[in-house]
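> Below are the structure tokens for one structure; questions will follow.
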Amino acid sequence: MVTAKFDLTLNEQLSGSVKHHISLDKLHLKYQQFEEQAKLIEWQGNAKLDHKDIDLTGSLNILNSQFTDNSDVELTQHFEQLTLNTELKLNTAEHIVLFAKHDLSVENLEVNFEQFKEKAKNITWVADIDLNNQQLGVKGALNIKQSQLSANDHTHLMQSLELLTLNTDAQLNIENSLFGSIKHQLNIDNFNVNYHQVQQKAKQIVWSGNTQLKDSNISVTGDLEINKNQITELNTSALLQQFDTLIIKNVSYGQEETTFDQLHIKNLSLLKNQNDVQLLNLASFDINKFSLSSKQNKLSINTIDMQQPMLDATLSKDKQLTHLALLEPVIQRFSSTENEPKKQSETKASPLSINIKKVTLSKPGEFKFTDQSVAPIYTTTLSINSLQLDNISNQNEGKLSLQLEQLEYAKINIKGDGLLLNPAKRFTFDTNITQLDLPPISSYSAAAIGYGIKSGVVDTTIKGELKNNIIDSHVKLKLDSIQVIEVDKETAEHMASSSGMSIELALSTLTDDENIIDLEVPIKGDINNPDFDLNLVINKALGEAMKSGTMSYLKHSLQPFGTLLTLYSLLESAVNHISLAPVVFQPNSTALDETQIELLGKVTNILKERPALKIKACGVSSLADEQAITKALTLAAKQAQTEQKQKSPKGKKANEKKEIMISKEEVLQKMTTLADKRSATVKAYFIKKEKLKPSRILKCLSNTNTKKDSKPVVELLI
């Protein structure tokens, strides 16, 4: 049904007015692939003509409209009601002057386009349009309530918002090319989008800015604020990111450069797993003076500041950061087109130049660390007291300063200079650690040296440099009251092989009378070498350092007898003793001369300085002893023959002279007895003269050695 009413009044100058009312009921229109249906279309208005001026006012009302495009695009559009109130003024004298006011409202709009569907409960658009001599001005306000956008494809896109408000003020020149400015104020409430099973929620998004158009160039400036933002992986319910507030001040985006003056994030959380453990939380995060230039291929930041960083990192059994597993399904879904080879660029792009002037920590934080790759599992908590990085760059050298604290008494201070973004190329470091408890790090000592640590603390200084992937560092250790226990036999044997002695012996020798061990360990190697294993490097370096430290101490303490030090093994498979300079005796004698007494005095000083040491006195009788004993026994036998001859009665024929035979068993017995007496002499000297406890002097099983180079001695073994 069509109803039309006109009230027309015109004069000779084409001046007058036209009142009109048009109503279309139950419209059904088809044209080629297009189809339009509407329950009601009604227009009521008034047109005034005054020579070259036209004024038009009116209102349009459409009920239950449905538009369909049956072509390949598969487009349908439906709404319950559309209301448009408009006022238009047009002057066609010298140039077109147009002024228009529009007030548009659409209820319950639904649009289906291919796999996409858009719904909105209400859309309103109120605008003033002013066109004068190619100058176009538009002021308007757009409101969209309860909007939903979805896609029926592999992305599972679902977007919704409760309210969108856009206020705009555009001043444009449209004569030859479009240029001018557009001011805009955008506000979105309760924004929600799901894409590839990743959901982002934001309570409020506010943008206030200005867009500049000139020729084909577009630049945007403004301020952005997002409140209560959250990003979640829906399949695992893992929280990927969350913050209370994000504010970016004075954003400027152009074709060649993006900048902003300030970025502030409050209560930032990253990667929270199902156990409610988050990788990182920051009370606040601030960036000042950001610039990214595509023309110069350069990123510049003046300062970055953090407050109260809370890190909670866990390494899995295969040494992977467990929180990063939360990102794996997301990365797979968002990866570029599947199975499509990437085109190789003809010219290799130069790397992005990065320069961050300063990073600071204005409020202390905390670092919790758990390592499941070692046994037992290692866990610790460190307080992050201070952090400052200067000149973070991949081209120029910068500085690092970090202060950590464990259990309120262990201090860790780290300083470094070099390429902070590429330290393997060039970086020097100086680390000081004080009063670090050793038992908790038994998991690492077991892997490195085969021993767990039952007790002890350490003060450490580590100085060194990285240069072209080569590490060259020097570690000074001050170990206090350390006690170890073997937990990995194979690794411990590697350690003994490197040092030439068991760790128990080395520790006993190195531990002074205050239960302190001072040790220097060099760590060197190519960290880029696939065969580089830090545990093996430490094992070898520490073993060699312990050997060097032990032997240096003993040689210095025993001068001038130190050159006689040797490693000694009671069993071929276990290098577990050090042989000091032996106590030398005259053949077939147990007497100590002044030189040997001097030696025993120096050994006594070692035992007093190293309370954990015990010494073994092992008597040895030699070829010279055998010869002297045989000679003495022969003389004694001859003397006995002479005495027997003298005692024979006079006149009685003397017995024939017999050849003297010395029993080897008798000589061996006397040699064994001699060796025992020598070790007893040495032990007695330590106990009676030097006042050492008897328990610290142990006797060995006596030994006889009749080789040509043998000597009559007491071996001193520690």
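Take the sequence shown: its position 407, counted from the start at 1, is 429 in the working numbering, and no numbers get skipped.
The beta-carbon is built from N, C-alpha and C at its ideal position, and this holds for glycine as well.
(1) Would you say L527 and G571 are within 8 Å of each other, going by their C-beta atoms?
(2) Among residues of its own chain, excluding the 5 on either side of I434, which ones have a beta-carbon nearer than 6 Å to its beta-carbon?
(3) What do you get for E255, buried or exposed, if any count of 16 or more other CB atoms within 10 angstroms of its CB means buried?
(4) In chain order, what residues of the same chain have a beta carbon less than 6 Å from the beta carbon of L314, not counting five sequence neighbours either side?
(5) How close, in whole Å, do the beta carbons of T694 and S724 come, if the pair is a contact with beta carbons under 8 Å?
(6) Within 10 angstroms of the Cβ of I504, are there 16 or more other Cβ atoms? Answer buried if so, exposed if not.
(7) Use the C-beta contact count for A650: other C-beta atoms within 10 angstroms, 16 or more gives buried, fewer gives exposed.
(8) With distances taken between CB atoms, is the gap from Q234 to E197 smaller than 8 Å?
(9) Would you check if the segment 407-419 and the segment 345-357 touch, i.e. whether three or more CB-CB distances between them fall below 8 Å?
(10) What does the alpha-carbon distance come out to for the pair D237 and L158?
(11) Tell me the DSSP secondary structure of R448 in three-state form.
(12) For V299, which three-state DSSP category applies?
(13) Could you check the C-alpha separation between T626 and P604 for me, to the nearest Å?
(14) Quick check: the Cα distance between S338 and P461, rounded to an integer number of angstroms?
(15) Once you ignore the five residues that flank A596 on each side, which residues in its own chain have a CB closer than 6 Å to its CB?
(16) Can you name, in chain order, every residue of its own chain whose Cβ lies under 6 Å from the Cβ of I740, other than the five neighbours on each side?
(17) Among T336, S316, G387 and F312, whose alpha-carbon lies nearest the alpha-carbon of T325?
(18) Please list the terminal residues of the continuous beta strand (DSSP E) segment that includes N214.
(19) Which of the three DSSP states, helix, strand or coil, is assigned to E688?
(20) Of the residues A142, L714 and S316, which one's Cα is nearest the Cα of V133?
(21) So within the segment 486-552, which uninterrupted beta strand (DSSP E) runs reach at least 3 residues, ignoring any that extend past its ends?
(22) Could you check what DSSP says for N310 in three-state terms: helix, strand or coil?
(23) May I ask you to list the residues that DSSP assigns as paired with L409?
(24) Give the single residue among K288, L348 and Q330 whose Cα lies nearest to the Cα of N297.
(25) By the three-class DSSP mapping on this structure, what secondary structure does Y741 have?
(26) Determine whether the beta carbon atoms of S524 and R632 lie at a separation below 8 Å.
(27) What is the DSSP secondary structure of T7, reduced to helix, strand or coil?
(28) Got a sec, what are the start and stop residues for the beta strand (DSSP E) I63 sits in?
(29) Give a yes or no on whether the C-beta atoms belonging to I145 and V160 are separated by under 8 Å.
(30) Would you call Y53 buried or exposed, if buried means 16 or more other Cβ atoms sit within 10 Å of its Cβ?
(31) Using CA atoms only, rank isn't needed, just tell me which of Q170, D152, L131 and E96 is closest to Q137.
(32) Does the Cβ of T664 have 16 or more other Cβ atoms within 10 Å, making it buried, or fewer, making it exposed?
(33) What's the C-alpha gap between S415 and D327?
(34) Run through DSSP, which three-state label would I740 get?
(35) Could you give the DSSP three-state label for I196: helix, strand or coil?
(36) Please identify the residue among K317, Q264, N289 and S259 whose C-alpha is closest to the C-alpha of E278.
For this structure:
(1) On the sequence shown, position 505 is the one that residue 527 refers to. On the sequence shown, position 549 is the one that residue 571 refers to. It is not a contact, given that the beta carbons lie outside the stated cut-off.
(2) The sequence position of residue 434 within the sequence shown is 412, counting from 1. Cβ within range, chain order: L426 and I455.
(3) Translated into positions along the sequence shown, residue 255 becomes position 233. By the 10 Å Cβ count, E255 comes out buried.
(4) To locate residue 314, count along the sequence shown from 1; it is residue 292. Cβ neighbours of L314 beyond the five flanking positions: T280 and L321.
(5) For this step, residue 694 is matched to residue 672 along the sequence shown. For this step, residue 724 is matched to residue 702 along the sequence shown. With 8 Å as the limit, T694 and S724 qualify as a contact, their Cβ atoms being about 5 Å apart.
(6) By one-based count along the sequence shown, residue 504 stands at place 482. Buried: at least 16 other Cβ atoms inside 10 Å.
(7) As a working note, residue 650 is residue 628 in the sequence shown. Buried, since its Cβ has 16 or more Cβ neighbours within 10 Å.
(8) Here the question's residue 234 lines up with position 212 in the sequence shown. Here the question's residue 197 lines up with position 175 in the sequence shown. Their beta carbons are not under 8 Å apart, which means Q234 does not touch E197 by this criterion.
(9) no
(10) Your numbering for residue 237 matches position 215 in the sequence shown. Your numbering for residue 158 matches position 136 in the sequence shown. Their backbone Cα atoms lie some 16 Å apart in a straight line.
(11) Taking the sequence shown and counting its residues from 1, the one referred to as residue 448 is at position 426. Residue state, collapsed to three classes: strand.
(12) Within the sequence shown, residue 299 is the residue found at index 277, counting from 1. V299: coil per DSSP, three-state reduction.
(13) The residue labelled residue 626 in the question sits at position 604 within the sequence shown. The residue labelled residue 604 in the question sits at position 582 within the sequence shown. Roughly 14 Å between the two C-alpha positions.
(14) Stepping through the sequence shown from its first residue, residue 338 is reached at position 316. Stepping through the sequence shown from its first residue, residue 461 is reached at position 439. Answer to the nearest angstrom: the Cα atoms are 21 Å apart.
(15) In the sequence shown, the residue the question calls residue 596 occupies position 574. Note that A596 has pLDDT 38, beneath the 50 cutoff, so the model's placement of it is unreliable and the number below is only indicative. Hits under 6 Å: none found.
(16) Stepping through the sequence shown from its first residue, residue 740 is reached at position 718. Cβ within range, chain order: I600, L635 and I637.
(17) Position 303 of the sequence shown holds residue 325. Comparing Cα-Cα distances from T325 to each of T336, S316, G387 and F312, the minimum goes to F312.
(18) Position 192 of the sequence shown holds residue 214. Start and end: F201 to Y217.
(19) Position 666 of the sequence shown holds residue 688. Of the three classes helix, strand and coil, the one that applies to E688 here is helix, per DSSP.
(20) By one-based count along the sequence shown, residue 133 stands at place 111. Per the Cα distances, A142.
(21) 492-508 and 538-548
(22) The count along the sequence shown starts at 1 and reaches residue 310 at position 288. Reduced to three states, the DSSP call for N310 is strand.
(23) Translated into the one-based positions of the sequence shown, residue 409 becomes position 387. DSSP output for L409 lists L424 as bridge partner(s).
(24) Within the sequence shown, residue 297 is the residue found at index 275, counting from 1. Of the candidates K288, L348 and Q330, the one whose C-alpha sits nearest the C-alpha of N297 is L348.
(25) A question about residue 741 goes unanswered here, because the residues of the chain that appear run from 23 up to 740.
(26) Position 502 of the sequence shown, counted from the start, is the residue given in the question as residue 524. Position 610 of the sequence shown, counted from the start, is the residue given in the question as residue 632. Against a cut-off of 8 Å, the Cβ pair of R632 and S524 comes out as no contact.
(27) Nothing can be reported for residue 7, as the shown portion of the chain is limited to 23 through 740.
(28) For the purposes of this step, residue 63 is taken as the residue at position 41 of the sequence shown. Element bounds for I63: F56 to D72.
(29) Within the sequence shown, numbered from 1, the residue matching residue 145 stands at position 123. Within the sequence shown, numbered from 1, the residue matching residue 160 stands at position 138. Cβ atoms of I145 and V160: not closer than 8 Å.
(30) Along the sequence shown, read from residue 1 onward, the residue named residue 53 stands at position 31. Exposed: under 16 other Cβ atoms inside 10 Å.
(31) One-based indexing of the sequence shown puts residue 137 at position 115. Nearest of Q170, D152, L131 and E96 to Q137, Cα basis: E96.
(32) Residue numbering aside, residue 664 sits at position 642 when the sequence shown is read from its first letter. Under this definition T664 is an exposed residue.
(33) Start at 1 with the first residue of the sequence shown, and residue 415 comes out as number 393. Start at 1 with the first residue of the sequence shown, and residue 327 comes out as number 305. About 17 Å.
(34) As a first step, residue 740 must be located in the sequence shown, where it is residue number 718. Three-state DSSP puts I740 in coil, outside helix and strand.
(35) Here residue 196 refers to the residue found at position 174 of the sequence shown. In this structure, I196 counts as coil in the three-state DSSP scheme.
(36) Start at 1 with the first residue of the sequence shown, and residue 278 comes out as number 256. For the options K317, Q264, N289 and S259, the alpha carbon positioned closest to that of E278 is the one of K317.
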